[in-house]
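Undergrad:
2 protein chains.
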Amino acid sequence: MWGMIATWRMAHDGVLAAKALLEQQGSCQDAVETAIKAVEDYPFYKSVGYGGLPNEEGVLEMDAAFMDGDTFKIGAVAGIVDVENPISVARSLSEEKFNSFRIGQGAVAYALAEGFQPKEMLTPRAKTIWEKRKAEIAANNLDPYDGHDTVGVVALDEHQSMAAGTSSSGLFMKKSGRVGDSPLSGSGFYVDSEIGGAAATGLGEDLMKGCLSYEIVRLMGEGLAPQEACDQAVYDFEARLKKRYGKAGAFSLIALDKQGRWGVATNVEFTFSVATTKQEPAIFMATPGPEQTTVIEPITKEWLEAYEKRIKAPV
Amino acid sequence: MWGMIATWRMAHDGVLAAKALLEQQGSCQDAVETAIKAVEDYPFYKSVGYGGLPNEEGVLEMDAAFMDGDTFKIGAVAGIVDVENPISVARSLSEEKFNSFRIGQGAVAYALAEGFQPKEMLTPRAKTIWEKRKAEIAANNLDPYDGHDTVGVVALDEHQSMAAGTSSSGLFMKKSGRVGDSPLSGSGFYVDSEIGGAAATGLGEDLMKGCLSYEIVRLMGEGLAPQEACDQAVYDFEARLKKRYGKAGAFSLIALDKQGRWGVATNVEFTFSVATTKQEPAIFMATPGPEQTTVIEPITKEWLEAYEKRIKAPV
Chain B
1 MWGMIATWRM AHDGVLAAKA LLEQQGSCQD AVETAIKAVE DYPFYKSVGY GGLPNEEGVL
61 EMDAAFMDGD TFKIGAVAGI VDVENPISVA RSLSEEKFNS FRIGQGAVAY ALAEGFQPKE
121 MLTPRAKTIW EKRKAEIAAN NLDPYDGHDT VGVVALDEHQ SMAAGTSSSG LFMKKSGRVG
181 DSPLSGSGFY VDSEIGGAAA TGLGEDLMKG CLSYEIVRLM GEGLAPQEAC DQAVYDFEAR
241 LKKRYGKAGA FSLIALDKQG RWGVATNVEF TFSVATTKQE PAIFMATPGP EQTTVIEPIT
301 KEWLEAYEKR IKAPV
Chain G
1 MWGMIATWRM AHDGVLAAKA LLEQQGSCQD AVETAIKAVE DYPFYKSVGY GGLPNEEGVL
61 EMDAAFMDGD TFKIGAVAGI VDVENPISVA RSLSEEKFNS FRIGQGAVAY ALAEGFQPKE
121 MLTPRAKTIW EKRKAEIAAN NLDPYDGHDT VGVVALDEHQ SMAAGTSSSG LFMKKSGRVG
181 DSPLSGSGFY VDSEIGGAAA TGLGEDLMKG CLSYEIVRLM GEGLAPQEAC DQAVYDFEAR
241 LKKRYGKAGA FSLIALDKQG RWGVATNVEF TFSVATTKQE PAIFMATPGP EQTTVIEPIT
301 KEWLEAYEKR IKAPV
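So the sequences go chain by chain: B and G. Here the first sequence stands for residues 1 to 315, where the numbers follow the working numbering. Here the second sequence stands for residues 1 to 315, where the numbers follow the working numbering.
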């Protein structure tokens, strides 16, 4: 039995690449890295890796994490700049007993010393989008923050091992050095091969108030199916946050258990990609349903075509 | 009813200062900041704030976080340099809806723009300790990493509000940009005024594998007393980590609930300070006991004198 679930439509090609590995007894660790690298490398995804949108100052600062569900090894980077694949750096860091979470220039120094490739990650297209947005914000006194689509992946392999990973350029127009939930254990991701794993996307500032990835894994450990665990953790927390903090940002969680069952919950329109031994790779759309449930439907051909057009539209 | 618990003997003077506030209807938020500032400001504590030991390159990089248990607001900094009180910067950041976790120069820029004081935080004494340690490591091929005593504080005030905070200069001789658990929600700290709060000290790389602060709060929410919650979460995780990762670093957790009851658990010799409406301020020593229990005893006059001598010994 193998399986993979990943956040957003952008993850789908990565899921297809990972499926090819997992079908041939490949490891979940390789599958997670492969899937996320595909998203990082694709220039038209604006919130992850190459082509990601920069911070307020025009610098593309990236966050990523990797967790091994067999050993609980975690590696993470935050505010890493101009390194080709943050997820690969995070995976490498997970092998370190000390200093496994590195930020800023310390993360860059580690990456280059370990032979990871330096690469100018800010594309001309991303720079143009940033320049236009700066002008719009100045002209219309807009709230600058928009877009925080992390790629989060959970994988199960035929050896019954599980792994999880995340990668993000964070909030568009974020302040220099802002970190979201993506590199934070328990908030952005968590995985235990004896139970299952979860990962998050959305407003990191709110996600870290709830430790939802940890909570979903814990609920699965108590016997809940992934969908039940996602629904309970996400909608309970959303209600609690609205009551206590006064509002709740957008967030969406995915989960996969050791049996290859999966679930998602979200308080916004949310696409995701999934493939398992039993299920052909597919992209779905999730929306919040009535009474703490989630409505999940296949995406339509029209939606996909509009998406392709939108991400490649002239800027 | 008010109460405060804090990690390590070093926190005791801060607890006394916070007690004076809490007794006069002061807020738990002010109490947490006051207690931690006292530790940050004292030059003879080598692992927090002014006088803290630097990273491998001789730079004192500090981590801190603040959480409000009423609203779940969180502010955090990592790798902040030469700013007087990281805890105050973290508390200020907790008021931000976006960009509430800042690292490195982004954190410094925020702090200075908000009027926090720049201060050279590396003392001549800390620099001397670092230089000697560098030479020892080189001469004897030693494992460089040593010392990771975070100050972590949880407070309850007469208004039934709770807050938590942490501050640390991290692992002595850490690599540039290394981040531990202290600024990470769920791992370094967590608090919910309707339940209780917890905070951690120890090897951050291992603490973030378990999200123990979140787990302890959760267990208290299920009805466990703070001591039961600490014992269960800490010793279960230690056993799981040894089985799955092969080893477990040092870690110690403290907890306080909304009734002012407290608990601690640890896998090493661990001192802490506590004061509540019912209990005069005191420093205790905790050690792991048999069958997932914790032995807690008052520290002796001899221990205290030896401690004073040790931290002020010529370098």
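Beta carbons: idealized from backbone N, C-alpha and C, even for Gly. Only a predicted model underlies this, so the values are computations on that prediction, with no experimental measurement involved.
Using a beta-carbon distance cut-off of less than 8 Å, what residues from the stretch 80 to 107 of chain G approach chain B?
TA: Listed by position along the chain: E96, K97, F98, N99, S100, F101, R102, I103, G104, Q105, G106 and A107.
Undergrad: Terminal residues of the continuous beta strand (DSSP E) containing T7/G?
TA: Here residue 7/G refers to the residue found at position 7 when the second sequence is read from its first residue. Taken as a continuous stretch (DSSP letters only), the beta strand (DSSP E) holding T7/G covers G3 to T7.
Undergrad: In angstroms, rounded to a whole number, what distance separates the CA positions of G263/G and I195/G?
TA: Start at 1 with the first residue of the second sequence, and residue 263/G comes out as number 263. Start at 1 with the first residue of the second sequence, and residue 195/G comes out as number 195. Taking the straight line joining both Cα atoms gives about 14 Å.
Undergrad: Do you know how far the Cα of P86/B is from the Cα of G106/B?
TA: In the first sequence, counting from the first residue as 1, residue 106/B sits at position 106. In the first sequence, counting from the first residue as 1, residue 86/B sits at position 86. Distance between the alpha carbons of G106/B and P86/B: 13 Å.
Undergrad: At 7 Å on the CB atoms, spell out the chain G contacts of G186/B, in chain order.
TA: Taking the first sequence and counting its residues from 1, the one referred to as residue 186/B is at position 186. In chain order: G186, S187, C211 and Y214.
Undergrad: Does the contact criterion of 3 or more C-beta pairs under 8 Å hold for the stretch 129 to 138 of chain B versus the stretch 93 to 106 of chain B?
TA: Counting Cβ pairs under 8 Å, fewer than three are found: no touch.
Undergrad: Against V191/G, what residues of chain B qualify as contacts under a CB-to-CB distance less than 9 Å, listed in chain order?
TA: What you label residue 191/G is simply residue 191 of the second sequence in a count that begins at 1. Per Cβ cutoff of 9 Å: no residues; V191/G is ~11 Å from chain B at best.
Undergrad: If we define contact as Cβ-Cβ less than 8 Å, is V109/B a contact residue for chain G?
TA: Along the first sequence, one-based indexing puts residue 109/B at 109. Sequence check: residue 109/B is Ala here, not Val. By this cut-off, A109/B is an interface position.
Undergrad: With distances taken from CA atoms, which of P43/G, K247/G and G210/G is nearest L232/G?
TA: Taking the first residue of the second sequence as 1, we reach residue 232/G at position 232. A small fix is needed here, since residue 232/G is Gln in this sequence, not Leu. Per the Cα distances, G210/G.
Undergrad: Identify the residues that DSSP records as bridge partners of I80/G: which are they?
TA: Numbered from 1 along the second sequence, position 80 holds the residue referred to as residue 80/G. The partner list for I80/G (beta bridge, DSSP) reads M62/G.
Undergrad: Starting from V154/B, trace the beta strand (DSSP E) both ways and give me its first and last residue.
TA: As a position in the first sequence, residue 154/B is number 154, starting the count at 1. From DSSP, the beta strand (DSSP E) with V154/B extends over V151 to L156.
Undergrad: Chain B partners of T71/G, CB-CB under 8 Å?
TA: For this step, residue 71/G is matched to residue 71 along the second sequence. Near T71/G (Cβ distances below 8 Å), the residues of chain B are R244, Y245 and G246.
Undergrad: In angstroms with no decimal places, state the Cα-to-Cα distance between N292/G and K37/B.
TA: Numbered from 1 along the second sequence, position 292 holds the residue referred to as residue 292/G. Numbered from 1 along the first sequence, position 37 holds the residue referred to as residue 37/B. A small fix is needed here, since residue 292/G is Gln in this sequence, not Asn. Roughly 43 Å separates the two Cα atoms.
Undergrad: What is the DSSP secondary structure of P290/G, reduced to helix, strand or coil?
TA: On the second sequence, position 290 is the one that residue 290/G refers to. Correct three-state label for P290/G: coil.
Undergrad: So the candidates are E56/B, A164/B, G260/B and N141/B; which of them puts its Cα closest to the Cα of K88/B?
TA: Counting from 1 along the first sequence, the entry for residue 88/B is found at position 88. Reading the sequence as shown, one finds Ser at residue 88/B and not Lys. Minimum Cα distance to S88/B is reached at A164/B.
Undergrad: Are there any heavy atoms of the ligand SAM lying less than 7 Å away from the beta-carbon of G223/G, as far as the coordinates show?
TA: You won't find the ligand SAM in this model; it holds no ligand whatsoever.
Undergrad: Are the beta-carbon atoms of S161/G and A64/G separated by less than 8 Å?
TA: One-based indexing of the second sequence puts residue 161/G at position 161. One-based indexing of the second sequence puts residue 64/G at position 64. Against a cut-off of 8 Å, the Cβ pair of A64/G and S161/G comes out as no contact.
Undergrad: Who pairs with G165/G in a beta bridge, going by DSSP?
TA: Taking the second sequence and counting its residues from 1, one reaches residue 165/G at position 165. BP columns for G165/G point to F66/G and V153/G.
Undergrad: How would you list, in chain order, the residues of chain G whose beta-carbon sits under 9 Å from the beta-carbon of S171/B?
TA: Against the first sequence, residue 171/B aligns to sequence position 171. First, the amino acid is wrong: residue 171/B is Leu here, not Ser. Near L171/B (Cβ distances below 9 Å), the residues of chain G are F98 and N99.
Undergrad: Would you kindly report the start and end of the unbroken beta strand (DSSP E) that includes R102/B?
TA: For the purposes of this step, residue 102/B is taken as the residue at position 102 of the first sequence. Taken as a continuous stretch (DSSP letters only), the beta strand (DSSP E) holding R102/B covers F101 to I103.
Undergrad: DSSP three-state label for L16/G, please.
TA: Taking the first residue of the second sequence as position 1, residue 16/G is located at position 16. In the structure shown, L16/G sits in a helix (DSSP, three-state: H, G or I).
Undergrad: Report the neighbours of S27/B on chain G: residues whose CB is nearer than 7 Å to its CB, in chain order.
TA: For this step, residue 27/B is matched to residue 27 along the first sequence. Result: empty, since nearest Cβ-Cβ is about 17 Å, beyond 7 Å.
Undergrad: Which partner residues of P298/G appear in the DSSP bridge assignment?
TA: Your numbering for residue 298/G matches position 298 in the second sequence. Answer is F284/G, bridged to P298/G.
Undergrad: Excluding the 5 residues flanking H148/G on each side, which residues of the same chain have their C-beta closer than 8 Å to its C-beta?
TA: Along the second sequence, one-based indexing puts residue 148/G at 148. Contacts found: S47, S168, G170, L171, F172, G180, T201, G202, L203, G204 and A250.
Undergrad: Can you check whether the CB of T277/G is closer than 8 Å to the CB of T150/G?
TA: For the purposes of this step, residue 150/G is identified with residue 150 of the second sequence, where counting begins at 1. For the purposes of this step, residue 277/G is identified with residue 277 of the second sequence, where counting begins at 1. No, the pair does not count as a contact, with Cβ atoms beyond the cut-off.
Undergrad: Less than 6 Å between C-beta atoms, sequence neighbours within five positions excluded: which residues of the same chain meet that for F270/B?
TA: As a first step, residue 270/B is located in the first sequence; it is residue number 270 there, counting from the start. These residues qualify, in order along the chain: S252 and A286.
Undergrad: Give the secondary structure of S213/G by DSSP, where H, G and I count as helix, E and B as strand, and everything else as coil.
TA: Taking the second sequence and counting its residues from 1, the one referred to as residue 213/G is at position 213. Three-state result, S213/G: helix.
Undergrad: Can you confirm whether M208/G, when its beta carbon is compared against all beta carbons of chain B, has any partner nearer than 8 Å?
TA: Within the second sequence, numbered from 1, the residue matching residue 208/G stands at position 208. Cβ-Cβ to chain B under 8 Å: yes for M208/G.
Undergrad: Output the boundary residues of the beta strand (DSSP E) element that contains L253/G.
TA: One-based indexing of the second sequence puts residue 253/G at position 253. F251 to D257 is the span of the beta strand (DSSP E), which, as asked, contains L253/G.
Undergrad: Only counting the same chain, and skipping five residues up and downstream in sequence, which positions put a Cβ closer than 7 Å to that of E114/G?
TA: As a working note, residue 114/G is residue 114 in the second sequence. Answer for E114/G: S92, listed in chain order.
Undergrad: Does the beta-carbon distance from G51/B to R102/B come in below 8 Å?
TA: Position 51 of the first sequence holds residue 51/B. Position 102 of the first sequence holds residue 102/B. Not a contact, by the Cβ cut-off of 8 Å.
Undergrad: Are the C-beta of V15/G and some C-beta of chain B separated by less than 8 Å?
TA: For the purposes of this step, residue 15/G is identified with residue 15 of the second sequence, where counting begins at 1. For V15/G, the answer is no, since every Cβ of chain B falls outside 8 Å of its Cβ.
Undergrad: On a Cα-Cα basis, can you pick out the residue from L207/G, G49/G and Q117/G that is closest to R240/G?
TA: Counting from one through the second sequence, the residue named residue 240/G turns up at place 240. Closest option to R240/G, Cα to Cα, is L207/G.
Undergrad: Ordered along the chain, which non-local residues of its own chain (more than five positions away) have a Cβ less than 8 Å from that of T34/G?
TA: Residue mapping note: residue 34/G aligns to position 34 of the second sequence, counting from 1. The answer, listed in chain order, is G14, A17, A18 and L21.
Undergrad: To which residues of the same chain is T128/B closer than 7 Å at the C-beta, ignoring the five residues directly before and after it?
TA: Here residue 128/B is taken as the residue at index 128 of the first sequence, counted from 1. Excluding sequence neighbours, T128/B sits near V315.
Undergrad: Does R178/B come out as helix, strand or coil in the three-state DSSP assignment?
TA: As a working mapping, residue 178/B is identified with position 178 in the first sequence. R178/B falls in the strand class under three-state DSSP.
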